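Visitor: Chain order of the listed sequences is H and C.
Per numbering that gives the first Met the number 0, residue 0 is the first one in the first sequence, and the count goes up by one each step.
Per numbering that gives the first Met the number 0, residue 0 is the first one in the second sequence, and the count goes up by one each step.
Beta carbons are placed, not taken as given, at the ideal position from N, Cα and C, and that holds for glycine.
The model shown is predicted, which means the values in this text are computed figures rather than measured ones.
Number of protein chains: 2
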Amino acid sequence: MTQPIPDDFFDPACPSSAMPIRVGEKWGGMVVVLLEKGPLRFTELKRPMRAVTSKVLTETLRSLERDGMVTRTAYAEVPPRVEYELTDLGRTLLGPIQACRDWATANLPALLEARAGWDG
Amino acid sequence: MTQPIPDDFFDPACPSSAMPIRVGEKWGGMVVVLLEKGPLRFTELKRPMRAVTSKVLTETLRSLERDGMVTRTAYAEVPPRVEYELTDLGRTLLGPIQACRDWATANLPALLEARAGWDG
DNA sequence: CTGTATCCGACACGATACTG
DNA sequence: CAGTATCGTGTCGGATACAG
Numbered sequence: 000m001t002q003p004i005p006d007d008f009f010d011p012a013c014p015s016s017a018m019p020i021r022v023g024e025k026w027g028g029m030v031v032v033l034l035e036k037g038p039l040r041f042t043e044l045k046r047p048m049r050a051v052t053s054k055v056l057t058e059t060l061r062s063l064e065r066d067g068m069v070t071r072t073a074y075a076e077v078p079p080r081v082e083y084e085l086t087d088l089g090r091t092l093l094g095p096i097q098a099c100r101d102w103a104t105a106n107l108p109a110l111l112e113a114r115a116g117w118d119g
Numbered sequence: 000m001t002q003p004i005p006d007d008f009f010d011p012a013c014p015s016s017a018m019p020i021r022v023g024e025k026w027g028g029m030v031v032v033l034l035e036k037g038p039l040r041f042t043e044l045k046r047p048m049r050a051v052t053s054k055v056l057t058e059t060l061r062s063l064e065r066d067g068m069v070t071r072t073a074y075a076e077v078p079p080r081v082e083y084e085l086t087d088l089g090r091t092l093l094g095p096i097q098a099c100r101d102w103a104t105a106n107l108p109a110l111l112e113a114r115a116g117w118d119g
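#1: How far does the beta strand (DSSP E) with Arg80(C) in it reach, from first residue to last?
#2: Are the C-beta atoms of Arg71(C) and some chain H residue less than 8 Å apart?
#3: Taking the continuous alpha helix (DSSP H) assigned at Arg114(C), which residues delimit it?
#4: Which value, in whole angstroms, describes the spacing of the CA atoms of Pro95(H) and Asp101(C)?
#5: With respect to the alpha helix (DSSP H) encompassing Thr42(C), which residues constitute its N-terminal and C-terminal limits?
#6: Within its chain, find whatever has a CB closer than 7 Å to the CB of Leu88(H); leave out the 5 residues flanking it on each side and keep chain order.
#7: Just the Cα atoms here: how many angstroms apart are Ser62(C) and Ala75(H)?
#8: Please go through the same chain and pick out, in chain order, the residues whose beta-carbon is closer than 6 Å to the beta-carbon of Phe41(H), but skip the five residues on each side of it.
#9: Between Asn106(C) and Thr91(H), which are expected to be in contact by the criterion C-beta below 8 Å, what is the C-beta distance as a whole number of angstroms?
#10: Using a Cβ-Cβ cut-off of 8 Å, state whether Gly94(H) counts as contacting chain C.
#11: Taking the Cβ atom as the reference point for each residue, do Gly39(C) and Leu56(C) lie within a distance shorter than 8 Å?
#12: Helix, strand or coil for Val30(C) per DSSP?
#13: If you measure between the beta carbons of Pro51(H) and Leu85(H), is that distance less than 8 Å?
#14: Measuring CB to CB, does Thr59(C) end up less than 8 Å from Gly27(C)?
#15: Quick check on this structure: which residue in Tyr83(C), Gln97(C) and Met29(C) has the alpha carbon closest to the alpha carbon of Glu64(C)?
#16: Could you check whether the Cβ of Leu88(H) sits closer than 8 Å to any Cβ belonging to chain C?
#17: Do Glu35(C) and Leu111(C) have their C-beta atoms closer together than 8 Å?
#18: Whole angstroms is fine: what's the gap from Gly116(C)'s alpha carbon to Pro47(C)'s?
#19: Counting only C-beta atoms, is Arg40(C) closer than 8 Å to chain H at any point?
#20: Alpha carbon to alpha carbon, how far is Ala98(H) from Val77(C)?
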């Protein structure tokens with residue numbers, strides 16, 4: 000944004016408004032990061048994300064799958080095996096996610112300090 | 000993340016978990032971008048964000064203020080004048096926000112196409 | 001101009017129990 | 001192993017009206 004601010008800066012078609020579509024999700028970014036180095040099974044995702052329930056993890060994965068970020072491959076075996084893998088499109092999320100992680104690492108302490116001062 | 004995935008990848012103290020604190024907010028990013036080039040008054044923020052109500056914009060600004068991203072300066076005049084300005088800390092958000100905007104510009108069409116295919 | 005005060009609906013998230 | 005089914009809760013965003 001180096002242009003002057005127009006009166007209709009808020010345009011539903013503006014790509015920026017899509018940020019929350021994927022980044023705003025609570026567990027989505029974590030799944031993407033976990034899948035960075037290769038496909039993982041449902042349980043392999045769930046274990047490190049200890050606070051997530053099966054239901055919510057399933058919802059998160061379906062959402063990522065719907066948006067073309069992740070593929071789901073089920074193998075007809077007993078016991079069942081399902082693998083989740085990043086698509087090329089999903090891989091493009093790694094950049095912005097890393098930018099957010101770097102920001103948090105550098106600036107979260109300052110944020111928390113400001114918040115503590117405001118609250119207390 | 001180039002390290003092996005630990006079993007306790009989910010750590011509440013992990014800075015990454017703070018991403019939604021600021022970026023996940025619906026209007027927060029927009030306010031930061033609008034303030035990039037200098038302080039603005041309440042109405043000057045509200046006008047371009049046409050879909051936002053006074054209540055929600057106020058909540059957003061209070062939240063940014065609480066986290067030390069924005070300062071609020073009220074002038075004892077009639078009619079009242081209030082100016083909002085980015086802090087140095089708030090300015091650090093511009094990087095990750097821009098990364099998300101760039102991502103959306105480049106990849107939102109592919110996302111929507113995938114979604115349409117999944118839904119239809 | 002810069003907000004507050006209510007009320008409300010939607011939805012994300014979670015707890016718990018159960019299944020092929 | 002990889003989910004589904006139900007139910008409950010809280011929070012966010014929005015509509016509307018009003019105020020200093």
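Guide: The structure says:
#1: Arg80 to Leu85
#2: No, no contact with chain H.
#3: Leu93 to Asp118
#4: Distance between the alpha carbons of Pro95(H) and Asp101(C): 9 Å.
#5: Phe41 to Lys45
#6: Gly67 and Met68
#7: 50 Å
#8: The beta carbon of Phe41(H) sits closer than 6 Å to those of Val81, all from its chain and outside the five residues before and after it, given in chain order.
#9: 5 Å
#10: It does: the Cβ of Gly94(H) has a partner Cβ on chain C nearer than 8 Å.
#11: Looking at the sequence itself, residue 39(C) is Leu, so the reference to Gly does not match. No. Outside cutoff.
#12: helix
#13: According to the sequence shown, residue 51(H) is Val rather than Pro. No; because the gap between Cβ atoms is not below 8 Å, this pair is not in contact.
#14: yes
#15: Looking from the CA of Glu64(C), the closest CA among Tyr83(C), Gln97(C) and Met29(C) belongs to Tyr83(C).
#16: yes
#17: no
#18: 33 Å
#19: no
#20: When rounded, the distance between both Cα atoms is 43 Å.
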